[in-house]
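K.L.:
Per the working numbering, residue 13 is the first one in the sequence shown, and the count goes up by one each step.
Cβ coordinates follow ideal geometry from the N, Cα and C atoms, glycine included.
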Amino acid sequence: MMIPRPLLFILLILAALSLLPMACVLKNWHDPAKTSPRIQINPDMDQQPKFKAQTANPFFADGRAMRVWPAGTVPRGQLRGDDRYYRGLEPDSTFTAVFPVPVSEELLARGRERYDIFCATCHGLGGAGDGVTHRRAEHLAQGTWIPPTDLASQTVVERSHGHLYNSIANGIRNMPAYGHQIPPADRWAIVAYVRALQRARNANLDDVPDEHRRALR
Ligand code: HEC
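Structural data, given as structure tokens:
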């Protein structure tokens with residue numbers, strides 16, 4: 013059945029008119045000059061009575077919407093109360109001589125892996141201070157290079173565990189800090205591995221099991 017032409021015409025006009033209300037709503041939404049609330053067909057979470065980060069809030073004396081933590085606030089799960097573990101310190105603020113985590117083969121393996129990544133570039137794989145960075149600096153001979161300390165030297169052997177931990181976390185003299193890259197558990201793993209390197213590099217014949225001694229002699 014054919015729809016008569018005039019009727020078709022009227023239907024088309026009606027269809028066009030039916031879009032008008034939606035067009036008005038859309039115009040209302042996108043009018044930047046508007047100050048009154050926009051028409052919300054589905055209010056959902058479009059309008060939230062909140063202040064955004066880095067904005068002003070006249071409610072507070074300092075005019076900032078973002079608030080400073082009250083002094084001493086600690087985020088949940090981030091209380092680092094164990095000074096020995098997190099800072100290598102005893103209650104009297106001296107470096108601890110106690111190794112605060114159990115030493116296991118896994119710990120040493122982890123320490124070796126981390127040492128090879130973070131320390132060996134300067135201190136060398138065996139800790140003698142002959143890493144690639146050092147050798148390169150020697151080659152350039154610019155006169156400004158402070159050589160990395162031999163980690164099996166008497167000074168470092170005599171340093172307490174906490175002292176080594178602190179050197180990794182905060183750096184020492186010309187050595188930069190690695191605390192931002194190496195979390196506490198890995199720092200202790202590295203300290204354990206440095207102890208192993210010292211033991212190995214300062215070993216003598218008495219440390220070798222009997223059955224292997226003859227081969228060495
Ligand atoms: C960018 C090179 C560099 C890297 C990487 C580096 N060190 Fe050092 N380290 C040095 C230098 C240089 C010194 C000597 C600093 C000085 O005497 O001023 C030093 C000194 C030390 C000392 C001796 C501090 C003392 O008690 O006198 C220790 C221990 C040490 N580093 C451990 C580490 C460990 C562990 C790592 C890996 C986490 C590491 N270093 C990574 C350059 C480096």
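Given this structure, state the Cα-to-Cα distance separating Y127 from P112, to the nearest angstrom.
P.N.:
The straight-line gap from Cα to Cα measures roughly 19 Å.
K.L.:
Residue range of the alpha helix (DSSP H) that H224 falls in?
P.N.:
Element bounds for H224: D222 to L228.
K.L.:
Are there any heavy atoms of the ligand HEC lying less than 7 Å away from the beta-carbon of F130, as far as the coordinates show?
P.N.:
Correct: F130 has its Cβ closer than 7 Å to the ligand HEC.
K.L.:
Does any heavy atom of the ligand HEC sit closer than 7 Å to the C-beta of M187?
P.N.:
For the ligand HEC, at least one heavy atom lies less than 7 Å from the Cβ of M187.
K.L.:
Secondary structure at I184, three-state DSSP: helix, strand or coil?
P.N.:
I184 falls in the strand class under three-state DSSP.
K.L.:
What's the call for I180, buried or exposed, on a 16-neighbour Cβ count within 10 Å?
P.N.:
I180 is buried by the Cβ-count criterion.
K.L.:
Using 8 Å as the threshold, is the region 113 to 123 in touch with the region 197 to 215, meaning 3 or more CB pairs across them?
P.N.:
Touching, per the Cβ criterion.
K.L.:
To the nearest angstrom, report how far apart T47 and F63 are at their CA atoms.
P.N.:
Their Cα atoms are separated by approximately 18 Å.
K.L.:
Tell me where the alpha helix (DSSP H) around D198 begins and ends.
P.N.:
Start and end: P196 to R213.
K.L.:
Would you mind stating whether T133 and V144 have Cβ atoms separated by less than 8 Å?
P.N.:
Yes; because the gap between Cβ atoms is below 8 Å, this pair is in contact.
K.L.:
What separation, rounded to the nearest whole angstrom, lies between the Cα atoms of L228 and R99?
P.N.:
If you take the alpha carbons of L228 and R99, they lie about 42 Å apart.
K.L.:
Would a C-beta distance cut-off of 8 Å place G141 and T156 closer than the cut-off?
P.N.:
Result no, Cβ atoms of G141 and T156 do not sit closer than 8 Å.
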